[in-house]
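Every letter in the sequence shown is one number past the one before it in our numbering, and letter 68, counting from 1, is 71.
Even for Gly, the Cβ is constructed at its ideal location relative to N, Cα and C.
Small disclaimer: the values here were computed from a predicted structure and weren't measured.
Note sheet for the following structure.
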Amino acid sequence: MAVKVLISLPQEFLDDIDRLAVKEKRSRSEIIREALRGYHSAQKSKKISETSAKYTVKKIKKKSRVKFPNIEVVKFTGGNSAVIRGTRVPVHILIGYLQIGETPETIATEILPHISLAQVHEAIRYYFVHQAEIDKEREENTEEASRHLLRKKTRRKEI
């Protein structure tokens, strides 16, 4: 049984969802429910096994029925990373711009002009479905995490 819930969302966010809904011929509610299911699934996976990213990633990928034609997983020296197809721009970088207040439009037109607005929106959808994986990747790619890793490697060499 479905229960109706009233939530407030920024108009800009709703406009993005509406454009996506028109493009995919789905309702706004379907897209929001799908994103929330992905988030909920990621949170459950994160609680079950935060120490094993591989387990979390595999579990989310099995449940994901959504296709992302503009996203591909590429192997880098630090491991696998979801990138915008045809570029070397990781999804976690794009999400970082959003989290500091940039809009999808400014990302597509000013920050990363070689990426289309549709690709930005698809990266956002990918993030909602694979949030635990992308958040873990963002944490691993901070300056602090890099320093910690270097200290760890230096200690091993000293021993």
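Asked	Found
Helix, strand or coil, according to DSSP, for I103 in the structure here?	coil
Quick check: A24 and I34, are their CB atoms within less than 7 Å of each other?	yes
Alpha carbon to alpha carbon, what distance is there between N144 and A38?	24 Å
Applying the 10 Å Cβ sphere with the 16-neighbour rule, what's the burial state of Q102?	exposed
Report the rounded CA-to-CA distance for K26 versus L153, giving the unit in angstroms.	45 Å
Looking only at C-alpha atoms, which of A135, E108, G41 sits nearest to R22?	E108
May I ask you to report which of helix, strand or coil DSSP gives R85?	Sequence check: residue 85 is Ala here, not Arg. Looking at A85 - three-state DSSP - the assignment turns out to be strand.
Within the same chain, show all residues whose beta-carbon is closer than 6 Å to that of R88, passing over the 5 residues directly before and after it, in chain order.	N73, E75
What distance in whole Å lies between the Cβ atoms of V123 and L97, which are believed to be in contact at a cut-off of 8 Å?	7 Å
With DSSP as the reference, label V8 as helix, strand or coil.	coil
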